[in-house]
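Enquirer:
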Amino acid sequence: MTETVGIHQDVTNSDFTLTRQFRSHYLPSTSGSGTLSYKRRILNRWTERLIADGLPGNELVTEYLRGKYIKNLSVHTIYHAGGVLLSFMRFLNNNGSSIFTLTRNDISAFVEYEQDRGLKATSIISHLIVVYAFIMYLVRQEVIAPEIMKPKVRIQEPDALPKAIPKEDIECILDAIASVRDRALILLLLRTGMRIGELLAVKLEDIVLHDQKILIYLGSKNYEGRVVYYSSDAEQALKHWLRIRDKTKSSLFYGRSGNQLSYSAAWGAMRKTLERAGLSDKGYSLHSLRHTFATEMLNAGMRIEVLQQLLGHKDIELTLRYARLSDRRREEDYYRAMAIIERGGPSDEPYRRSTALQKVFEEKKLLRPHKKKLSK
5 MTETVGIHQD
15 VTNSDFTLTR
25 QFRSHYLPST
35 SGSGTLSYKR
45 RILNRWTERL
55 IADGLPGNEL
65 VTEYLRGKYI
75 KNLSVHTIYH
85 AGGVLLSFMR
95 FLNNNGSSIF
105 TLTRNDISAF
115 VEYEQDRGLK
125 ATSIISHLIV
135 VYAFIMYLVR
145 QEVIAPEIMK
155 PKVRIQEPDA
165 LPKAIPKEDI
175 ECILDAIASV
185 RDRALILLLL
195 RTGMRIGELL
205 AVKLEDIVLH
215 DQKILIYLGS
225 KNYEGRVVYY
235 SSDAEQALKH
245 WLRIRDKTKS
255 SLFYGRSGNQ
265 LSYSAAWGAM
275 RKTLERAGLS
285 DKGYSLHSLR
295 HTFATEMLNA
305 GMRIEVLQQL
315 LGHKDIELTL
325 RYARLSDRRR
335 EEDYYRAMAI
345 IERGGPSDEP
355 YRRSTALQKV
365 FEEKKLLRPH
375 KKKLSK
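Be aware that the sequence shown starts at 5, since it is given in the numbering used here, and climbs by one per residue.
1) Could you compute how far the alpha carbon of I220 sits from the alpha carbon of L315?
2) Reducing DSSP to helix, strand and coil, say where K207 ends up.
3) Along the chain, where does the beta strand (DSSP E) that runs through G229 open and close?
4) Would you report the Cα separation of I148 and G197, rounded to the nearest angstrom?
5) Can you tell me whether I55 is helix, strand or coil according to DSSP?
6) Could you tell me which residues DSSP pairs with V65 in its beta bridges?
7) What residue does the alpha helix (DSSP H) around Y83 start on, and which one ends it?
8) By the three-class DSSP mapping on this structure, what secondary structure does Q216 have?
9) Would you kindly work out how many angstroms separate the C-alpha atoms of Y83 and V184, rounded to a whole number?
10) Which partner residues of R264 appear in the DSSP bridge assignment?
11) Could you check what DSSP says for Y288 in three-state terms: helix, strand or coil?
12) Classify N48 as buried or exposed, calling it buried when 16 or more other Cβ atoms lie within 10 Å of its own Cβ.
13) Is it the case that the Cβ atoms of V231 and K217 are separated by a distance below 9 Å?
14) Quick check: what's the CA-CA separation for T323 versus S41?
15) Which residue marks the beginning of the alpha helix (DSSP H) containing A241, and which one marks its end?
16) Out of R195, A182, R307 and S112, state which residue places its alpha-carbon closest to the alpha-carbon of L239.
17) State buried or exposed for K243, treating a residue as buried only when at least 16 other CB atoms are found within 10 Å of its CB.
18) So which of V310, E175, F104 and D57 has the shortest CA-CA distance to Y233?
19) Just the C-alpha distance for F104 and F95, rounded to the nearest angstrom, thanks.
20) Using a Cβ-Cβ cutoff of less than 8 Å, which residues in the same chain neighbour R280 once the five nearest sequence positions on both sides are dropped?
21) Rounded to a whole number of angstroms, what is the C-alpha to C-alpha distance between L302 and I308?
22) Under the rule that 16 or more other beta-carbon atoms within 10 Å means buried, what is L204, buried or exposed?
23) Return the bridge partner residues of Y221 from the DSSP annotation.
24) Grouping DSSP H, G and I as helix and E and B as strand, with all else coil, what is G201?
25) Rounded to the nearest angstrom, what separates H131 and F257 at their Cα positions?
26) Touch check for the segment 290-298 and the segment 112-121: three-plus C-beta pairs under 8 Å?
27) Do N99 and S266 have their beta-carbon atoms positioned less than 9 Å apart in this structure?
28) Going by C-alpha to C-alpha distance, which of E63, H80, L64 and G61 sits closest to R45?
29) Does DSSP put S127 in a helix, a strand or coil?
30) Taking just the CA atoms, how far does S254 sit from P270?
31) Among residues of its own chain, excluding the 5 on either side of I159, which ones have a beta-carbon nearer than 7 Å to its beta-carbon?
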């Protein structure tokens with residue numbers, strides 16, 4: 005569950021939990037200006053949160069934001085930068101890293117984390133701009149080496165189509181999985197279309213085994229959310245994992261510490277699988293499994309509005325971007341529609357959609373038993 009960071013509306017003075025001595029050191033005088041006083045409260049808010057979290061390097065973020073305050077940049081600029089950098093710092097800390105050990109892989113992982121939260125590409129691009137501006141500040145302060153800027157991590161433009169994994173590469177990936185846990189994780193992503201963040205948050209009580217479905221909750225104080233379903237091969241992998249996993253853990257997937265498996269650990273498992281499959285140069289990610297699910301479902305005949313619900317999209321236009329119709333499917337739809345026209349119009353019999361969807365799950369190669377012995 006991602007925390008939404010904001011400013012409490014009832015804050016009407018600068019009496020925060022920080023000591024007056026600390027604030028007077030970091031904040032310039034703002035007497036006589038309502039706007040500057042508001043900026044000061046925002047700066048105090050982000051500083052307070054950074055200190056409360058005890059994040060490594062929080063003093064550098066505070067100094068960076070203070071510089072924006074001194075330059076009299078807009079309230080929006082300071083607010084936006086503070087929110088993005090707090091989220092970035094928390095992400096690094098949760099994944100065993102910090103700004104002092106920052107690598108390009110950490111930045112890439114943060115981008116995928118933002119994608120898994122369902123943010124639009126334009127929002128992620130704006131967050132990357134903030135992150136790289138802060139990184140440039142760290143380079144100037146000689147905290148990190150300038151090589152991290154070359155090349156910069158970039159994401160596709162909003163109108164670019166997501167990249168699905170071809171069938172032959174999927175088969176290679178499934179054959180290259182080395183452990184029971186990783187097979188369950190990868191197949192559940194591939195067969196449900198869940199975001200990796202959603203899957204890592206799944207608890208045992210969220211799984212309905214007899215119906216082959218998983219409940220995804222959108223809020224901690226309500227029961228709003230959606231339901232996703234998984235196929236026979238994913239069911240087999242899941243049950244195998246449930247038999248051998250530590251029964252005392254509440255999270256479906258957990259790390260060495262016993263807590264919920266981190267994104268970096270999940271990506272590490274996927275990266276090693278891609279290396280064994282000889283596909284590390286293809287640019288595939290955990291999110292590619294979601295794109296593949298969407299594309300296969302639409303090409304197998306699933307209605308776009310059903311796919312929208314399974315993917316958890318509020319905007320159907322986003323679903324259309326995720327799942328491209330193959331040339332084969334377009335050709336079939338064209339000739340089916342043309343045949344109806346040539347017969348003199350649609351018949352009175354309701355249109356019955358084919359059951360081609362099951363073919364995706366029943367292909368012999370995809371459902372064949374995994375002959376290799378998987379590690380625990």
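Beta carbons are placed, not taken as given, at the ideal position from N, Cα and C, and that holds for glycine.
Expert: Walking through what the data contain:
1) Working through the sequence shown from its first residue, we reach residue 220 at position 216. Working through the sequence shown from its first residue, we reach residue 315 at position 311. Roughly 11 Å between the two C-alpha positions.
2) Start at 1 with the first residue of the sequence shown, and residue 207 comes out as number 203. Three-state result, K207: strand.
3) Taking the first residue of the sequence shown as 1, we reach residue 229 at position 225. It spans G229 to Y233 - the beta strand (DSSP E) in which G229 sits, taken as one unbroken run.
4) Here residue 148 refers to the residue found at position 144 of the sequence shown. Here residue 197 refers to the residue found at position 193 of the sequence shown. Distance between the alpha carbons of I148 and G197 is about 37 Å.
5) Taking the first residue of the sequence shown as 1, we reach residue 55 at position 51. Of the three classes helix, strand and coil, the one that applies to I55 here is helix, per DSSP.
6) Counting from 1 along the sequence shown, the entry for residue 65 is found at position 61. Answer is none; V65 lacks a bridge partner.
7) If you number the sequence shown from 1, residue 83 lands on position 79. V79 to N98 is the span of the alpha helix (DSSP H), which, as asked, contains Y83.
8) In the sequence shown, residue 216 corresponds to position 212, counting from 1. Reduced to three states, the DSSP call for Q216 is coil.
9) Mapped onto the sequence shown, residue 83 falls at position 79. Mapped onto the sequence shown, residue 184 falls at position 180. Near 44 Å, if we compare the C-alpha coordinates of V184 and Y83.
10) The residue given as residue 264 occupies position 260 in the sequence shown. In the sequence under discussion, the amino acid at residue 264 is Gln, which differs from the Arg named in the question. Paired residues: Y258.
11) Taking the sequence shown and counting its residues from 1, one reaches residue 288 at position 284. Coil, per DSSP.
12) By one-based count along the sequence shown, residue 48 stands at place 44. Classification for N48: buried.
13) For the purposes of this step, residue 231 is identified with residue 227 of the sequence shown, where counting begins at 1. For the purposes of this step, residue 217 is identified with residue 213 of the sequence shown, where counting begins at 1. Contact: yes.
14) Stepping through the sequence shown from its first residue, residue 323 is reached at position 319. Stepping through the sequence shown from its first residue, residue 41 is reached at position 37. Going by the C-alpha atoms only, they are around 44 Å apart.
15) Position 237 of the sequence shown, counted from the first residue, corresponds to residue 241. S236 to I248 is the extent of the alpha helix (DSSP H) around A241.
16) To locate residue 239, count along the sequence shown from 1; it is residue 235. Strictly speaking, residue 239 in this sequence is Glu, with Leu absent from that position. Taking each of R195, A182, R307 and S112 in turn and checking the Cα distance to E239, the smallest one comes out for R195.
17) To locate residue 243, count along the sequence shown from 1; it is residue 239. A residue is called buried when at least 16 other Cβ atoms come within 10 angstroms of its Cβ; K243 does not meet this threshold and is exposed.
18) The residue given as residue 233 occupies position 229 in the sequence shown. When each option's Cα is compared against that of Y233, the closest is V310.
19) Translated into positions along the sequence shown, residue 104 becomes position 100. Translated into positions along the sequence shown, residue 95 becomes position 91. The straight-line gap from Cα to Cα measures roughly 14 Å.
20) Mapped onto the sequence shown, residue 280 falls at position 276. Contacts found: A180 and A182.
21) As a working note, residue 302 is residue 298 in the sequence shown. As a working note, residue 308 is residue 304 in the sequence shown. Rounded to the nearest angstrom, the two C-alpha atoms are 7 Å apart.
22) Position 200 of the sequence shown, counted from the first residue, corresponds to residue 204. Burial call: buried.
23) By 1-based counting over the sequence shown, the position of residue 221 is 217. Looking at the DSSP assignment, Y221 forms a beta bridge with G229.
24) Start at 1 with the first residue of the sequence shown, and residue 201 comes out as number 197. It is helical.
25) As a working mapping, residue 131 is identified with position 127 in the sequence shown. As a working mapping, residue 257 is identified with position 253 in the sequence shown. So the alpha carbons of these two residues sit roughly 29 Å apart.
26) yes
27) Locating residue 266 in the sequence shown gives position 262, where the first residue counts as 1. Locating residue 99 in the sequence shown gives position 95, where the first residue counts as 1. Their beta carbons are under 9 Å apart, which means S266 touches N99 by this criterion.
28) The sequence position of residue 45 within the sequence shown is 41, counting from 1. For R45, the closest alpha carbon among the candidates E63, H80, L64 and G61 is that of H80.
29) Taking the sequence shown and counting its residues from 1, one reaches residue 127 at position 123. The answer is helix: DSSP assigns S127 an H, G or I state.
30) Residue 270 sits at position 266 when you count from the first residue of the sequence shown. Residue 254 sits at position 250 when you count from the first residue of the sequence shown. It is Ala, not Pro, that sits at residue 270 in the sequence shown. As the crow flies, the alpha-carbon of A270 is around 17 Å from that of S254.
31) Start at 1 with the first residue of the sequence shown, and residue 159 comes out as number 155. Correct list, in chain order: V115, A125, I128 and I129.
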